[in-house]
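Residue numbers (the numbering used here): 743 to 1145.
Even glycine gets a Cβ: it sits at the ideal position worked out from N, Cα and C.
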Amino acid sequence: MINPLRGMKDLTFEESERFEHIINTATSIAKRYGYGYIETPILEETALFKRSVGESSDIVGKEMYQFIDKGENDVCMRPEGTAGVVRAFISAKLDRQPVKQKFYYYGPMFRYEKPQKGRLREFHQFGCESFGEASVYEDFMIISMIAQIFDTLGIGYELQINSLGCKICMPKYKETLVSSFTEIKEELCEDCNRRIGTNPIRVLDCKNDTCQTLLVESPKLKDYLCEECDPDFKKLKELLDQEGIKYTVNDNLVRGLDYYSKTAFEFVSSEIGAQSAIAGGGRYDRLVEFLDGKPTPAVGFALGIERIMELVKMPEKEAEGYYMGAMTPDAIPSLLKLATKKRLTDKVTVEYSSKGFKSHMKGVDRSNAKYAVLIGEDELKNGTVWIKDLETKEERVIAINEL
């Protein structure tokens, strides 16, 4: 028997219903905030992610499904969604239009990492990207939207926020960091030492417990924010306070991708084990420019669907539609014709075999239908059907045309 590859799984039965519920909930809320759907390819040029996510990131350095295709192109399966959406934004020349653009997307992503609870090698994300709005109010709206999605799904969370500064305040902070890290260099892990030379701010994102203990006394970016970044971060906190969205400032929150600037945030949960992030994002005002587009402010987020699957409180499943069955073989053609017409407006489950009344009633229970419709010899002869409302228990015999 051929089994799924390690870190990849089938989505069936109750899990698929839960998955669909998450997508439908997130989509409906995103639309209320003015977002429209975008679909980007799973396969992209590797250069897209090296230039956007950053070669210093674990994603590019260790986790991408990268290969040379039959046309000798260096390609990979997308490890995250933002870079592809930005590429599509530039490809369609939307960066040259004055209109602000908002997109939502969902689909599979791929990272070759150690599979664990809520984290797979093929996983799914729902995300939103907003282009053309530089105001911190848009950052606040993005966070509010995620909070509404999780509240609607019945998921508890803690919000962590930070500011990553901009091209004005970040260089001085990086110099200070490098000086600080040099003093403890020999005690830091191999990855941290590599990052000191490539992107020192990523050292703060290290998951090694020993490194995190050493970094407690490291310089904090909030002490280096410029005249634009500092007021924006204070305004974001003020807006969250006004809205009643609880948060903590995490000075070491830098996200795992190199393209973030200014606002960065994560929604975390203590209910899914050590890997606690269930959604994250922030502002990336220079990414469009990095990918050869016209400078465009942007902010977005992604949430991991598998990570929240077990946390979602599913609404009680309501009975719906019709169960239709024949009690004589001669009634099956009439039953199929009736089902085809009824499916123009309702869900219909059809039993193709002729059965007795009790057998059909067992099928009705399994189908979770609201109505049971049966055609026996008398009904076939008279052009009628027997129908039962399974909620009120009312039974009637009515004309087929009336149904």
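Could you tell me whether the region 882-889 touches the region 811-821, using the rule of 3 or more Cβ pairs below 8 angstroms? No, the region 882-889 does not touch the region 811-821.
Decide yes or no for the touch test of the region 1131-1138 against the region 1076-1090: beta carbon pairs closer than 8 angstroms, at least 3 of them. Result no; under three Cβ-Cβ pairs closer than 8 angstroms.
Inspect the beta-carbon positions of Gly-1035 and Ala-1006 and report whether they are closer than 7 angstroms. Along the sequence shown, read from residue 1 onward, the residue named residue 1035 stands at position 293. Along the sequence shown, read from residue 1 onward, the residue named residue 1006 stands at position 264. Using a Cβ distance threshold of 7 angstroms, Gly-1035 and Ala-1006 do not count as a contacting pair.
Residues of its chain near Ser-1109, where Cβ-Cβ distance is below 7 angstroms and the 5 sequence neighbours each way are ignored: As a position in the sequence shown, residue 1109 is number 367, starting the count at 1. Leaving aside the five residues that flank Ser-1109 on each side, the residues in its chain whose CB is nearer than 7 angstroms to its CB run, in chain order, Tyr-1065 and Thr-1091.
How far does the alpha helix (DSSP H) with Ala-789 in it extend, from its first residue to its last? Here residue 789 refers to the residue found at position 47 of the sequence shown. Looking at the DSSP string, the run of the alpha helix (DSSP H) that includes Ala-789 is 788-791.
In this structure, does DSSP put Lys-804 in helix, strand or coil? To locate residue 804, count along the sequence shown from 1; it is residue 62. Helix, per DSSP.
Closest to Glu-928 by CA distance: which of Gly-778, Leu-956 and Glu-1144 is it? Translated into positions along the sequence shown, residue 928 becomes position 186. Relative to Glu-928, the option among Gly-778, Leu-956 and Glu-1144 whose CA is nearest is Leu-956.
Leaving aside the five residues before and after Lys-1059 along the sequence, list all residues of the same chain whose C-beta is less than 7 angstroms from its C-beta, in chain order. As a working mapping, residue 1059 is identified with position 317 in the sequence shown. Shown here for Lys-1059: same chain residues with a beta carbon closer than 7 angstroms to its own, the five before and five after excluded, namely Asn-1110 in chain order.
Rounded to the nearest angstrom, what separates Arg-748 and Lys-859 at their Cα positions? Here the question's residue 748 lines up with position 6 in the sequence shown. Here the question's residue 859 lines up with position 117 in the sequence shown. Each residue's CA atom was taken as its position, placing Arg-748 and Lys-859 some 13 angstroms apart.
Residue interval of the alpha helix (DSSP H) (run including Asp-881): Counted from its first residue, the sequence shown places residue 881 at position 139. From DSSP, the alpha helix (DSSP H) with Asp-881 extends over 878-895.
Which residues mark the beginning and the end of the alpha helix (DSSP H) in which Leu-1080 is found? Numbered from 1 along the sequence shown, position 338 holds the residue referred to as residue 1080. Per DSSP, Leu-1080 belongs to the alpha helix (DSSP H) from 1074-1084.
Assign Gln-902 to one of three DSSP states: helix, strand, or coil. By one-based count along the sequence shown, residue 902 stands at place 160. DSSP places Gln-902 in strand when its eight states are reduced to three.
Quick one: residues in its chain with C-beta nearer than 6 angstroms to the C-beta of Leu-930, no 5 flanking neighbours on either side, listed in chain order? Locating residue 930 in the sequence shown gives position 188, where the first residue counts as 1. Short of 6 angstroms from the beta carbon of Leu-930, and not among the five residues preceding or following it, lie these beta carbons of its own chain, in chain order: Cys-953.
Taking 7 angstroms as the threshold (C-beta atoms), are Tyr-1002 and Ser-794 in contact? To locate residue 794, count along the sequence shown from 1; it is residue 52. To locate residue 1002, count along the sequence shown from 1; it is residue 260. No, these two residues do not count as a Cβ contact at 7 angstroms.
What residue range is occupied by the uninterrupted alpha helix (DSSP H) comprising Tyr-974? Position 232 of the sequence shown holds residue 974. Note that residue 974 is Asp in the sequence shown here, rather than Tyr. Annotation for Asp-974: the continuous alpha helix (DSSP H) segment containing it runs 971-985.
Decide if Asp-947 is buried, meaning its Cβ has at least 16 other Cβ atoms within 10 Å, or exposed. Walking along the sequence shown from the start, residue 947 turns up at place 205. Under this definition Asp-947 is a buried residue.
Can you give me the C-alpha to C-alpha distance between Leu-862 and Leu-967, rounded to a whole angstrom? Here residue 862 is taken as the residue at index 120 of the sequence shown, counted from 1. Here residue 967 is taken as the residue at index 225 of the sequence shown, counted from 1. Going from the Cα of Leu-862 to the Cα of Leu-967 covers about 37 angstroms.
Going by beta-carbon coordinates alone, are Ile-771 and Ile-897 separated by less than 7 angstroms? For the purposes of this step, residue 771 is identified with residue 29 of the sequence shown, where counting begins at 1. For the purposes of this step, residue 897 is identified with residue 155 of the sequence shown, where counting begins at 1. No, the Cβ-Cβ distance between Ile-771 and Ile-897 is not below 7 angstroms.
Any chance you could list the beta strand (DSSP E) runs of at least 3 consecutive residues sitting entirely within the region 1116-1140, in chain order? Given a length threshold of 3 residues, each whole run of the beta strand (DSSP E) inside the region 1116-1140 is given here in chain order: 1126-1131.
Start-to-end residues for the beta strand (DSSP E) that takes in Asp-1107: For the purposes of this step, residue 1107 is taken as residue 365 along the sequence shown, with counting starting at 1. According to the DSSP assignment, Asp-1107 belongs to no beta strand (DSSP E) but to the alpha helix (DSSP H) extending over 1099-1109.
Minimum length 3: unbroken beta strand (DSSP E) runs contained in the region 985-1014: Listed in chain order, they are 989-991 and 1003-1010.
N- and C-terminal bounds of the alpha helix (DSSP H) containing Gln-954: By 1-based counting over the sequence shown, the position of residue 954 is 212. Taken as a continuous stretch (DSSP letters only), the alpha helix (DSSP H) holding Gln-954 covers 951-956.
What separation, rounded to the nearest whole angstrom, lies between the Cα atoms of Pro-783 and Pro-746? The residue given as residue 783 occupies position 41 in the sequence shown. The residue given as residue 746 occupies position 4 in the sequence shown. The straight-line gap from Cα to Cα measures roughly 23 angstroms.
Can you have a look at Tyr-1094 and say buried or exposed, based on whether 16 or more other CB atoms are within 10 angstroms of its CB? On the sequence shown, residue 1094 is found 352 positions in, with the first residue counted as 1. Answer is exposed; the Cβ neighbour count stays below 16.
To which residues does DSSP link Cys-818 through a beta bridge? By 1-based counting over the sequence shown, the position of residue 818 is 76. In DSSP, Cys-818 forms a bridge with Glu-786 and Gln-808.
Out of Pro-1057, Lys-1123 and Ile-1142, point me to the one whose CA is closest to Glu-759's CA. Within the sequence shown, numbered from 1, the residue matching residue 759 stands at position 17. Across the set Pro-1057, Lys-1123 and Ile-1142, the C-alpha of Pro-1057 shows the shortest separation from the C-alpha of Glu-759.
When DSSP labels each residue in this structure, what does Glu-1147 get in the three-state scheme? Because residue 1147 is not part of the residues shown, which for the chain are 743 to 1145, the question remains open.
Could you spell out where the alpha helix (DSSP H) holding Pro-913 opens and where it closes? Mapped onto the sequence shown, residue 913 falls at position 171. Residues 912-925.
I'd like the span of the alpha helix (DSSP H) that includes Ser-758, first residue to last. Numbered from its first residue, the sequence shown carries residue 758 at position 16. Counting along the chain, the alpha helix (DSSP H) containing Ser-758 begins and ends at 755-774.
Kindly indicate which residue of Arg-944, His-866 and Ser-833 has the alpha-carbon position closest to the one of Leu-963. One-based indexing of the sequence shown puts residue 963 at position 221. Closest by alpha carbon: Arg-944.
Given that a residue counts as buried once 16 or more other Cβ atoms are within 10 Å of its Cβ, and exposed if not, what is Tyr-779? Translated into positions along the sequence shown, residue 779 becomes position 37. Exposed, by the Cβ-count rule.
Beta-bridge pairing of Phe-831 - partner residues as DSSP gives them: The sequence position of residue 831 within the sequence shown is 89, counting from 1. Residue pairing by DSSP places Phe-831 opposite no residue, since no beta bridge is assigned to it.
Would you decide whether Glu-871 is buried or exposed? Buried here means 16 or more other CB atoms lie within 10 Å of its CB. The residue labelled residue 871 in the question sits at position 129 within the sequence shown. With 16 or more Cβ atoms within 10 Å of its Cβ, Glu-871 is classed as buried.
Alpha carbon to alpha carbon, how far is Ala-768 from Phe-868? Here residue 768 refers to the residue found at position 26 of the sequence shown. Here residue 868 refers to the residue found at position 126 of the sequence shown. Going by the C-alpha atoms only, they are around 8 angstroms apart.
Should Gln-902 be labelled buried (16 or more other beta-carbon atoms within 10 Å of its own) or exposed? On the sequence shown, residue 902 is found 160 positions in, with the first residue counted as 1. The residue in question, Gln-902, is buried, as its Cβ has 16 or more Cβ neighbours within 10 Å.
What do you reckon, are the CB atoms on Pro-1070 and Ser-1101 nearer than 7 angstroms? For the purposes of this step, residue 1070 is taken as residue 328 along the sequence shown, with counting starting at 1. For the purposes of this step, residue 1101 is taken as residue 359 along the sequence shown, with counting starting at 1. According to the sequence shown, residue 1070 is Thr rather than Pro. No, these two residues do not count as a Cβ contact at 7 angstroms.
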